[in-house]
Ligand SMILES: *[C@@H]1O[C@H](CO)[C@@H](O)[C@H](O)[C@H]1NC(C)=O
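Numbering (full-length UniProt numbering), first residue to last: 1 to 293.
Have a look at this one:
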């Protein structure tokens with residue numbers, strides 16, 4: 001990890017300002033951990049469910065309806081998309097690094113962790129923790145660098161290491177311009193899709209855990225980043241972040257996107273929409289947005 005110096009403190013300050021805007025929704029009142037976990041667990045259950053019932057697009061669980069291929073990224077295209085909207089007041093909060101660094105974060109310390117969080121062995125919360133720890137401990141695929149960040153500070157350290165001696169990071173996230181409780185519906189792609197050119201990016205995805213944990217990763221293979229304006233059938237407006245992975249040949253056969261799209265590893269690019277609480281980091285030095293439609 002980078003050494004702490006004046007520069008880095010300054011940079012972190014700038015990034016924190018950026019992040020504050022986006023993550024202010026994390027900053028609401030403290031709630032019961034258990035309540036939080038139950039919410040997120042629902043999703044995990046859904047994902048597993050989808051794994052078990054593949055090859056049937058019509059009965060696919062909505063939570064996996066985020067994948068598409070690049071050829072469908074055009075004005076007027078209408079598609080079913082799921083945007084999970086986690087209740088901000090019950091989303092896991094970032095904990096300070098000093099606090100998370102003092103806790104174990106590994107599968108072989110599971111018993112200790114369950115005690116700390118008072119989860120029983122076979123509770124759904126315990127299962128979610130196991131899934132997250134397994135995912136975090138799994139080997140990266142070829143050309144991938146991955147890291148599970150257990151604090152905002154460690155997310156920033158990892159991101160700065162990947163994106164080089166950058167003086168400025170830029171972070172993108174999906175934003176909902178309208179308030180509604182609809183999470184799964186048809187959306188139509190509007191004009192002014194913007195392509196964000198960046199040779200490198202770090203994507204950070206929320207993981208179910210008692211406090212905020214992000215699975216952050218960066219791939220060598222080519223990715224394309226877009227910001228896409230969507231309008232839902234009910235009038236909802238979303239500025240959605242999309243990443244397209246141009247090379248999927250190293251992904252496992254069982255990747256859920258292959259089941260959703262009915263394709264084979266490497267046979268096509270795979271794009272996906274980002275939920276609002278995930279981040280895409282790029283270097284500000286190269287992140288120029290260009291309207292592509
Ligand atoms: C999206 O539209 C299609 C065709 O109009 C329809 O069959 C489908 O049920 C819609 N999906 C949702 C989630 O409303």
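Yeah, the Cβ is synthetic: ideal placement off N, Cα and C, and Gly gets one too. Only a predicted model underlies this, so the values are computations on that prediction, with no experimental measurement involved.
Run the proximity test for residue 192: is its beta-carbon closer than 8 Å to any non-hydrogen atom belonging to ligand 1?
Flag unset: Cβ of residue 192 not near ligand 1.
**OP:** State the CB to CB distance for the pair residue 137 and residue 106, rounded to an integer number of angstroms; the pair is presumed to be in contact (CB under 8 Å).
**Re:** The pair is a contact, with the Cβ atoms about 7 Å apart (cut-off 8 Å).
I need the straight-line Cα distance from residue 120 to residue 128, nearest angstrom please. Straight-line measurement puts the Cα of residue 128 at about 12 Å from the Cα of residue 120.
Legend entry - Contact test: residue 83 Cβ vs ligand 1 heavy atom, cutoff 8 Å: No - ligand 1 has no heavy atom lying nearer than 8 Å to the Cβ of residue 83.
ask   = Where do the ends of the beta strand (DSSP E) carrying residue 159 lie?
value = Where residue 159 is concerned, there is no enclosing beta strand (DSSP E), although the alpha helix (DSSP H) it sits in stretches over 152-162.
Bridge partners of residue 317, per DSSP? Residue 317 is absent from the structure shown; the chain starts at 1 and stops at 293.
Less than 8 Å between the CB of residue 273 and some heavy atom of ligand 1, yes or no? Shortest gap from the CB of residue 273 to any heavy atom of ligand 1: 8 Å or more.
Residue 97, enclosing alpha helix (DSSP H) - first and last residue = Start and end: 97-101.
Quiz item: So, helix, strand or coil for residue 206, using DSSP?
Solution: Reduced to three states, the DSSP call for residue 206 is strand.
*Straight-line Cα distance separating residue 73 from residue 186*: Counting only the Cα atoms, residue 73 lies some 14 Å from residue 186.
Taking only three categories from DSSP, how would you classify residue 169? Note: residue 169 maps to strand in three-state DSSP.
- prompt: What is the DSSP secondary structure of residue 129, counted as helix, strand or coil?
  reply: In the structure shown, residue 129 sits in a helix (DSSP, three-state: H, G or I).
Query raised in the report: When the Cα atoms are used, what is the spatial distance from residue 252 to residue 216?
Result: The alpha-carbon atoms of residue 252 and residue 216 are separated by roughly 18 Å.
Practice problem: Might you give, ordered along the chain, the residues of its own chain that have their beta carbon closer than 6 Å to the beta carbon of residue 288, omitting 5 neighbours on each side? | Solution: So the qualifying residues of the chain are 197.
* So what does residue 149 bridge to, in DSSP terms? -> Residue pairing of residue 149 in beta bridges, as defined by DSSP: 214.
query: Quick one: what does DSSP say residue 174 is sitting in, helix, strand or coil?
result: The three-state reading of DSSP puts residue 174 in coil, since its state is none of H, G, I, E or B.
task: Alpha carbon to alpha carbon, how far is residue 116 from residue 266? Give it in angstroms, no decimals.
output: For residue 266 and residue 116, the distance between alpha carbons rounds to 43 Å.
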